[in-house]
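Asker:
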Ligand code: G6P
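In our numbering, the protein residues as written are 1118 to 1718.
Shown next as structure tokens:
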């Protein structure tokens, strides 16, 4: 979603702002812009130069005059209020053209504020909610920008991360409420951004702002207040390197991230299972008296949660409920003894954050599973389990999903009362995962061939049973996200209750056939499907010779304990989606209309 960058220091801001904006492209956007406070000649008044356009940062850059100024801001917009147009792109100015604002979030009371400001004579040049912020600040500004921003923000209902500057001043005023904002700390220069990816090229040290913080950022200093009181926020080292956030020779971030999965799994396991002893050491503590778990999440994280539901149920015999985070607000079940877990790779998905807040308000203990240190969810939930995937840039989640599964399996194993032999077997299964996943990756050529066959179709069904039904859901999501093929997942047994009406020669079916108690019923479903004409591609383990006679093609996967089959099936389905999208010439890392980090409701 919208990305924000700001710079105050001794260098020309324009190239830094453009590079930082490119680093935020992965969040998803449709238009972009920059504003620079121009170092005017002494005899003329200082001004703010704004350039904005629809489309990509590189395209805007081509038409951008070279503007000099040591303080500036930039923005990538993902439209919420008003169409995608240059006028609606950020930054926005007040009437005088001396105050500039970029904003991420949603101002819920913007219409009433706009009506009021219009009556007072303010003229608006966009349809956005953001523009009211510039005009409100203009109303309150009489030389003290921080004060004017504080007064304006007090009138806003909704969420925001904002950067504000006044022409001729050497500082930015920045603030956040429920939208992410960080300050990258440099030497005689400071950087503001929606997330650390934007500042990795310039600094390894950041300050994470808290809700309600207002900071004045110049090249020399950062001062933060909250509710009028001066506060200190700890400076933290970013645990990611610049190289990790680059493509490293791969054609797309998504492909790189798919190939990084063995390492990501290993890193997440590291520290939790000892290589010698079959030991799991987690920092997560389960309160006495808790009787069930409720997991909230969105998108791919929701699919991880659904797999977790099976695994926790199987190993711990603990009742587990899973809710899409945005639905949790409409959920009214008893939760007296419920432990609520929120899964969010970014730690910034607004619906998941709101669900965790609601759980806390209900008095439930909470646990966050996230990949991003310092993200909002880590400040809201009482306990945190960090996955260690490194930065994920491709919009379609891959390696973070894989490590979310690792986290859920580890949590399930740590709360289970298992026979030692069973326990050791599971630990061994976890240890082998990186090499088993690597074996799937080594077969990339064969999977790419199946993808080429899938690419001309308009509709694809994915079916699974049990533990692998949510894997089928994730496979379908990956395919639709990046190849724009309509893909639907069904529990295999449910196909005959509706989808059969759609099956025919033009609707291929991808079937997950795992050698557990789902295998025989799966074969029955496949026979029923074949009788209606579709091509069936099966995901089956090495050594399963029977499957060949029932299907048209087989993607072979290494043998593992069926409990761990979601890891291997998911990697194969990621590759299938990736190469299908590539065959269709789709923009894999930046799918249309999607965003990596969904920070609006
Ligand atoms: C967006 C992304 C998905 C992601 C979902 C949840 O829709 O495009 O890839 O799964 O948000 O994100 P989270 O950061 O909460 O896991």
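Backbone N, C-alpha and C define an ideal beta-carbon position, used for all residues, glycine too.
If distances are taken between C-alpha atoms only, which option among 1311, 1300, 1332 comes closest to residue 1321?
Answerer: Within the chain shown, residue 1321 is the residue found at index 204, counting from 1. The residue with the shortest Cα to Cα distance from residue 1321 is 1300.
Asker: Between residue 1566 and ligand 1, is the CB less than 8 angstroms from at least one heavy atom?
Answerer: Taking the first residue of the chain shown as position 1, residue 1566 is located at position 449. No, the beta carbon of residue 1566 sits no closer than 8 angstroms to any heavy atom of ligand 1.
Asker: Check whether the region 1287 to 1294 and the region 1311 to 1331 touch, using three or more Cβ-Cβ pairs below 8 angstroms as the test.
Answerer: Flag = yes, the region 1287 to 1294 and the region 1311 to 1331 touch.
Asker: Please report how far the alpha carbon of residue 1397 lies from the alpha carbon of residue 1282, in whole angstroms.
Answerer: Residue 1397 sits at position 280 when you count from the first residue of the chain shown. Residue 1282 sits at position 165 when you count from the first residue of the chain shown. Residue 1397 and residue 1282: Cα-Cα distance of roughly 50 angstroms.
Asker: Could you tell me which whole alpha helix (DSSP H) segments of length 4 or greater appear in the region 1520 to 1564?
Answerer: If we require 4 residues or more, the alpha helix (DSSP H) runs fully inside the region 1520 to 1564 come out as 1537 to 1559.
Asker: Please work out which residues of its chain come closer than 7 angstroms, Cβ to Cβ, to residue 1382, disregarding the five sequence neighbours upstream and downstream, and give them in chain order.
Answerer: Looking up residue 1382 in the chain shown gives position 265. 1519, 1520, 1523, 1550, 1551, 1554.
Asker: Quick check on the burial criterion: 16 or more other C-beta atoms within 10 angstroms. Buried or exposed for residue 1305?
Answerer: Here residue 1305 is taken as the residue at index 188 of the chain shown, counted from 1. Answer is exposed; the Cβ neighbour count stays below 16.
Asker: Taking the C-alpha atoms as reference points, what is the distance between residue 1408 and residue 1227?
Answerer: Here residue 1408 corresponds to residue number 291 of the chain shown, with the count starting at 1. Here residue 1227 corresponds to residue number 110 of the chain shown, with the count starting at 1. When rounded, the distance between both Cα atoms is 44 angstroms.
Asker: I need the straight-line Cα distance from residue 1375 to residue 1706, nearest angstrom please.
Answerer: As a working note, residue 1375 is residue 258 in the chain shown. As a working note, residue 1706 is residue 589 in the chain shown. If I take the Cα positions, the gap works out to 12 angstroms.
Asker: Can you give me the C-alpha to C-alpha distance between residue 1645 and residue 1430, rounded to a whole angstrom?
Answerer: Counting from one through the chain shown, the residue named residue 1645 turns up at place 528. Counting from one through the chain shown, the residue named residue 1430 turns up at place 313. Taking the straight line joining both Cα atoms gives about 30 angstroms.
Asker: Bridge partners for residue 1149 per DSSP, in chain order?
Answerer: Within the chain shown, numbered from 1, the residue matching residue 1149 stands at position 32. In DSSP, residue 1149 forms a bridge with 1170, 1193.
Asker: Which ranges does the beta strand (DSSP E) cover as unbroken runs of at least 3 residues, wholly within the region 1308 to 1335, from first to last along the chain?
Answerer: For the region 1308 to 1335, whole beta strand (DSSP E) runs of length 3 or above, ordered along the chain, are 1322 to 1325, 1330 to 1335.
Asker: Taking Cβ positions, are residue 1459 and residue 1421 nearer each other than 9 angstroms?
Answerer: If you number the chain shown from 1, residue 1459 lands on position 342. If you number the chain shown from 1, residue 1421 lands on position 304. No, the pair does not count as a contact, with Cβ atoms beyond the cut-off.
Asker: First and last residue of the beta strand (DSSP E) that includes residue 1121?
Answerer: Within the chain shown, the letter at position 4 stands for residue 1121. 1120 to 1125 is the span of the beta strand (DSSP E), which, as asked, contains residue 1121.
Asker: For residue 1338 and residue 1287, which I take to be in contact (beta-carbon distance under 8 angstroms), what is that distance rounded to the nearest angstrom?
Answerer: For the purposes of this step, residue 1338 is taken as residue 221 along the chain shown, with counting starting at 1. For the purposes of this step, residue 1287 is taken as residue 170 along the chain shown, with counting starting at 1. Contact doesn't hold; Cβ gap of about 11 angstroms is too wide.
Asker: Do you know whose CA, among 1656, 1676, 1679, 1509, lies nearest residue 1668's CA?
Answerer: As a first step, residue 1668 must be located in the chain shown, where it is residue number 551. Checked all of 1656, 1676, 1679, 1509; the closest Cα to residue 1668 is 1656.
Asker: Using CA coordinates, which residue listed in 1404, 1446, 1715 is at the minimum distance from residue 1481?
Answerer: Position 364 of the chain shown, counted from the first residue, corresponds to residue 1481. Looking at the Cα atoms, 1404 is the closest of the given residues.
Asker: Is there contact here, the region 1411 to 1419 with the region 1444 to 1462, by at least three beta-carbon pairs under 8 angstroms?
Answerer: Touching, per the Cβ criterion.
Asker: Taking the alpha carbon of residue 1478 as the point to measure from, which residue in 1452, 1137, 1124 has its own alpha carbon closest?
Answerer: In the chain shown, the residue the question calls residue 1478 occupies position 361. The candidate whose alpha carbon is nearest that of residue 1478 is 1452.
Asker: My output table needs one value for residue 1440: the three-state DSSP class, helix, strand or coil.
Answerer: Walking along the chain shown from the start, residue 1440 turns up at place 323. Here residue 1440 sits in strand by DSSP.
Asker: For ligand 1, I want to know if residue 1693 counts as a neighbour, meaning its beta carbon is within less than 8 angstroms of at least one of the ligand's heavy atoms.
Answerer: Residue 1693 sits at position 576 when you count from the first residue of the chain shown. No, ligand 1 has no heavy atom inside 8 angstroms of this Cβ.
Asker: I'd like to know whether the C-beta atoms of residue 1262 and residue 1333 end up nearer to each other than 9 angstroms.
Answerer: Residue mapping note: residue 1262 aligns to position 145 of the chain shown, counting from 1. Residue mapping note: residue 1333 aligns to position 216 of the chain shown, counting from 1. Result yes, Cβ atoms of residue 1262 and residue 1333 sit closer than 9 angstroms.
Asker: Taking the alpha-carbon positions, what's the residue 1507 to residue 1361 distance?
Answerer: Position 390 of the chain shown, counting from 1, holds the residue named residue 1507. Position 244 of the chain shown, counting from 1, holds the residue named residue 1361. Cα-Cα distance, rounded: 7 angstroms.
Asker: Which residue comes first and which comes last in the beta strand (DSSP E) that contains residue 1208?
Answerer: Locating residue 1208 in the chain shown gives position 91, counting from the first residue. Careful: residue 1208 lies outside any beta strand (DSSP E) and carries neither H nor E.
Asker: Classify residue 1703: buried if its beta carbon has 16 or more other beta carbons within 10 angstroms, exposed otherwise.
Answerer: In the chain shown, residue 1703 corresponds to position 586, counting from 1. So residue 1703 counts as buried.
Asker: In angstroms, rounded to a whole number, what distance separates the CA positions of residue 1331 and residue 1446?
Answerer: The sequence position of residue 1331 within the chain shown is 214, counting from 1. The sequence position of residue 1446 within the chain shown is 329, counting from 1. Roughly 29 angstroms separates the two Cα atoms.
Asker: Specify the secondary structure class of residue 1294 as computed by DSSP and reduced to three states.
Answerer: Along the chain shown, one-based indexing puts residue 1294 at 177. Strand.
Asker: Assuming residue 1515 contacts residue 1691 under a Cβ cut-off of 8 angstroms, what Cβ separation, rounded to an integer in Å, is found between them?
Answerer: Against the chain shown, residue 1515 aligns to sequence position 398. Against the chain shown, residue 1691 aligns to sequence position 574. Confirmed, about 5 angstroms.
Asker: Short check: CB of residue 1659 to CB of residue 1683, under 9 angstroms?
Answerer: As a working mapping, residue 1659 is identified with position 542 in the chain shown. As a working mapping, residue 1683 is identified with position 566 in the chain shown. No, Cβ-Cβ distance for residue 1659 and residue 1683 is not below 9 angstroms.
Asker: Do the CB positions of residue 1142 and residue 1173 come within less than 9 angstroms of each other?
Answerer: The residue given as residue 1142 occupies position 25 in the chain shown. The residue given as residue 1173 occupies position 56 in the chain shown. The answer is yes: Cβ separation under 9 angstroms.
Asker: Give me the DSSP bridge partner(s) of residue 1608.
Answerer: Position 491 of the chain shown, counting from 1, holds the residue named residue 1608. Answer is 1581, bridged to residue 1608.
Asker: For residue 1245, collect the residues of the same chain with a Cβ closer than 6 angstroms to its Cβ; drop the 5 residues on either side in sequence, then sort them by chain order.
Answerer: Indexing the chain shown from 1 puts residue 1245 at position 128. Closer than 6 angstroms at Cβ, skipping near neighbours: 1198, 1199, 1205.
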